[in-house]
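Student:
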Amino acid sequence: MLAAILSLGCIGLVSAIALGFVAKKFAVEVDPREAAIMEVLPSANCGACGYPGCGGYAKSLVAGKAEPNQCPPGGAELVVKLAHILGVEAVETAPQVAVVLCQGDNKTAVNKYRYLGLEDCNAAQKIADGPKACPGGCLGLGSCQRVCPFDAIEITADGLAVISRDKCTGCRKCVAVCPRQTIRMTPLAASVHVMCNSRDKGALVRKYCQIGCIGCHICEKAAPQAYKIEGFLAEVVYEEHEEAFEAIEKCPTHCIRDFAEGYPQGSSFQAPGVDDDTPNAA
Amino acid sequence: MVDLFVILVSAIFVNNFVLARFLGICPFLGVSKKVETALGMGMAVTFVMTVATVVTWFVQYFVLIPFGIEYLQTIAFILVIAALVQLVEMVVQKVSPVLYQSLGIFLPLITTNCAVLGLAVLNIQKDYTFLEGVVFAIGAAGGFTLAMVLFAGLRERLELCAVPQSFRGTAIALVTAGLLSLAFMGFAGLVKG
């Protein structure tokens, strides 16, 4: 009995002394600002700042290697908080959102072959450059949806990725995972986009997609400031996006969409100007 | 020398800690979503198992047996292992922040892991000498790491497959673990004992 108590007590005591000694000897100093920063960061660990997770960003901030405006999910509010903790001046950045520049779902765009493989866009892209005949169109297998930390992406029943402008924080994870560069970062203020990512000639585009850009220059004529044509693909010049809506009605393939008026067909997301009882499934 | 080799092979394949003895199932299911983290956990377990074997062997033969208190084995071993893991964690954090980044999260998880305690107790039950015990620990940890990495690889593939709704998540993970265990049964009889 006595031996048991004494020997176990001794083991415990030796361990305690060793632990206490090591805790003093090997103490790691942590900057209290780092903990304060971790409190206010979104903790999504999305990596949009360019550092491995929120912890990495917090460390770099404290070390003075990073700027407080590098966290897109946090928005302008976070920049002010971080600047306050760090004691530096806040620099505003224009918020950005990701947009899928394609509306060719299974009804409107042609597939080269029937894909039955893994449910992953990057896997599909490796087989003859993907099932979709269009080289830049959305494959709709949901790789971006799975990688999105904010639940901002949905895949419609017809196989098209749509990103919510309300939920998207601009972390760029989907941009990185998309094998066809169909997803782009655009300013949140610009709601008008050319919903096509194919630079092929108009005649070819017409063969595989009913609503692709055919490079007809009509939008450029309607609003010369707001559009530029590269290859056979029109793009909105986002610095001049206010003018862009003038060409929406004129586009012969209805390829230009104003997200303030509604999301692509089949999406459950609601545009701010649209009532709940009139869904945009026209 | 041959004896040591037999102990090693037996611990890795035939009596695999996870797939044949069913010890350490919680990290096996919990930290096996990615090969990277599974490997990190495996490394941490390897490290802790080897060091824990050394310490518990000394505790058994220099404290418990001389004082005639073998019945306190479990509690003494848990005490020693827990203190040891904490100690190692602190030292690693200071000495090698990079290693701490990769092992750090897993170390506290191992503190009272049944695989580590099981190994220490088995070592004593089997009457292994000091060297045999260390080899057994390395083999057991190697087997654990192997099982973790194999299982994580399978789960990474499963993520991309169209699994029926009712099987998704833990259900399919447990089915897969069972199949992997069955596959390891093929090694039974390779080494006697």
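Protein chains in written order, with our numbering: chain G, 1380 to 1661; chain H, 5 to 197.
Where a beta carbon is used, it is the ideal one built from N, C-alpha and C, also for glycine.
Under 7 angstroms, CB to CB, which of the residues in the stretch 80-107 of chain H have a partner in chain G?
Tutor: Against chain G - using a Cβ distance shorter than 7 angstroms - the residues of the stretch 80-107 of chain H are A80, L83, V84, A87, Q90, L91, M94, V95, Q97, K98.
Student: On the criterion of 16 or more Cβ atoms from any shown chain inside 10 Å, does D1545(G) qualify as buried, or is it exposed?
Tutor: With fewer than 16 other Cβ atoms within 10 Å, it is exposed.
Student: Go ahead and pull the three-state DSSP assignment for K38(H).
Tutor: The answer is coil: DSSP assigns K38(H) none of H, G, I, E or B.
Student: When DSSP builds the beta bridges, which residues end up paired with I1562(G)?
Tutor: DSSP lists V1479(G) as partners of I1562(G).
Student: With a CB to CB cut of under 8 angstroms and the five nearest residues on each side skipped, what residues in its chain are close to I85(H)?
Tutor: Only V52, A56, V59, T60, T115, T116, V120, L121, A124 meet the Cβ criterion.
Student: Use the C-beta contact count for V1683(G): other C-beta atoms within 10 angstroms, 16 or more gives buried, fewer gives exposed.
Tutor: There is simply no residue 1683(G) to check, as chain G begins at 1380 and stops at 1661 in what is shown.
Student: Can you pull the chain G residues whose beta carbon is under 8 angstroms from the beta carbon of F66(H), in chain order?
Tutor: Within chain G, no residue comes near F66(H); the closest Cβ sits about 10 angstroms away, beyond 8 angstroms.
Student: Residues bridged to E1614(G) by DSSP?
Tutor: E1614(G) pairs with K1607(G).
Student: Quick check: the Cα distance between F1648(G) and D1537(G), rounded to an integer number of angstroms?
Tutor: Their backbone Cα atoms lie some 15 angstroms apart in a straight line.
Student: Is it buried or exposed for M152(H), if we count other Cβ within 10 angstroms and need 16 for buried?
Tutor: Buried is the call here.
Student: Excluding the 5 residues preceding and the 5 following T180(H) in the sequence, name in chain order all residues of the same chain whose CB lies nearer than 6 angstroms to its CB.
Tutor: Answer for T180(H): L158, listed in chain order.
Student: Go ahead and label F66(H) buried or exposed: buried means 16 or more other beta carbons lie within 10 angstroms of its beta carbon, across all protein chains shown.
Tutor: With fewer than 16 other Cβ atoms within 10 Å, it is exposed.
Student: The stretch 1468-1500 of chain G: which residues have C-beta closer than 7 angstroms to a C-beta of chain H, in chain order?
Tutor: Under the 7 angstroms Cβ criterion, the stretch 1468-1500 of chain G contributes L1497, E1498, D1499.
Student: Going by beta carbon distance, what residues of the same chain come within less than 6 angstroms of E74(H), once the five residues before and after it are set aside?
Tutor: So the list reads L68, once near-sequence residues are dropped.
Student: Taking only beta carbons into account, state which residues of the stretch 69-80 of chain H come closer than 8 angstroms to chain G, listed in chain order.
Tutor: Going along the stretch 69-80 of chain H in chain order, one finds F71, G72, I73, L76, I79, A80 with a Cβ nearer than 8 angstroms to chain G.
Student: With a cut-off of 8 angstroms, does the C-beta of A187(H) fall near any C-beta of chain G?
Tutor: Taking Cβ atoms only, chain G never reaches closer than 8 angstroms to A187(H), which makes this a no.
Student: Based on Cα-Cα distance, which residue from A1397(G), D1484(G), G1391(G), C1588(G) lies nearest to T1632(G)?
Tutor: Of the candidates A1397(G), D1484(G), G1391(G), C1588(G), the one whose C-alpha sits nearest the C-alpha of T1632(G) is C1588(G).
Student: Reducing DSSP to helix, strand and coil, say where H1572(G) ends up.
Tutor: Strand at H1572(G).
Student: When you compare each of R172(H), L113(H), V95(H), F140(H) to V29(H) by their alpha carbons, which one comes out closest?
Tutor: Checking the displayed sequence, the identity of residue 29(H) turns out to be Ile instead of Val. When only C-alpha atoms are compared, the closest one is L113(H).
Student: Let's see if you can read the secondary structure: which residues bound the beta strand (DSSP E) around D1637(G)?
Tutor: Counting along the chain, the beta strand (DSSP E) containing D1637(G) begins and ends at 1635-1637.
Student: Use the C-beta contact count for Q77(H): other C-beta atoms within 10 angstroms, 16 or more gives buried, fewer gives exposed.
Tutor: Under this definition Q77(H) is a buried residue.
Student: I'd like to confirm the pairing. Which residues does DSSP put opposite V1541(G) in its beta bridges?
Tutor: In the DSSP output, where bridge partners are listed per residue, V1541(G) has E1533(G).
Student: In chain order, which beta strand (DSSP E) runs of at least 3 residues are fully inside the stretch 1435-1486 of chain G?
Tutor: With a minimum length of 3 residues, the continuous beta strand (DSSP E) runs that stay inside the stretch 1435-1486 of chain G are 1475-1479.
Student: Is L83(H) near G1391(G), with beta carbons less than 8 angstroms apart?
Tutor: In contact: L83(H) and G1391(G) (Cβ atoms closer than 8 angstroms).
Student: So, using beta-carbon positions, are V195(H) and V10(H) closer together than 8 angstroms?
Tutor: Taking 8 angstroms as the Cβ cut-off, V195(H) and V10(H) qualify as a contacting pair.
Student: Express the C-alpha separation of V1616(G) and F1624(G) in angstroms, rounding to a whole number.
Tutor: For F1624(G) and V1616(G), the distance between alpha carbons rounds to 12 angstroms.
Student: Helix, strand or coil for K1511(G)? Go by DSSP, reduced to three states.
Tutor: Three-state DSSP puts K1511(G) in a strand.
Student: Measuring only between beta-carbons, confirm whether I1396(G) sits less than 8 angstroms from chain H.
Tutor: Taking Cβ atoms only, chain H never reaches closer than 8 angstroms to I1396(G), which makes this a no.
Student: In terms of residue numbering, what span does the alpha helix (DSSP H) encompassing E1621(G) cover?
Tutor: Neither: E1621(G) is in no alpha helix (DSSP H) and is coded neither H nor E.
Student: Which residue from A144(H), L111(H), E40(H) puts its Cα closest to that of N20(H)?
Tutor: Considering only alpha carbons, the answer is A144(H).
Student: Say whether chain H places a C-beta atom closer than 8 angstroms to the C-beta of S1386(G).
Tutor: Judged by the 8 angstroms Cβ criterion, S1386(G) is in contact with chain H.
Student: In whole angstroms, what is the alpha-carbon distance linking K38(H) and I176(H)?
Tutor: The straight-line gap from Cα to Cα measures roughly 16 angstroms.
Student: Determine the direct distance from the alpha carbon of A1503(G) to that of G1645(G), and round the result to whole angstroms.
Tutor: Approximately 23 angstroms between the Cα atoms of the pair.
Student: Please classify S170(H) as buried or exposed, where buried requires at least 16 other C-beta atoms within 10 Å of its C-beta.
Tutor: With fewer than 16 other Cβ atoms within 10 Å, it is exposed.
Student: Mapping DSSP to helix, strand and coil, what is C1523(G)?
Tutor: Helix at C1523(G).
Student: Is there contact between the stretch 1593-1611 of chain G and the stretch 1577-1585 of chain G, where contact requires at least three CB pairs shorter than 8 angstroms?
Tutor: With the cut-off at 8 angstroms, the stretch 1593-1611 of chain G and the stretch 1577-1585 of chain G touch.
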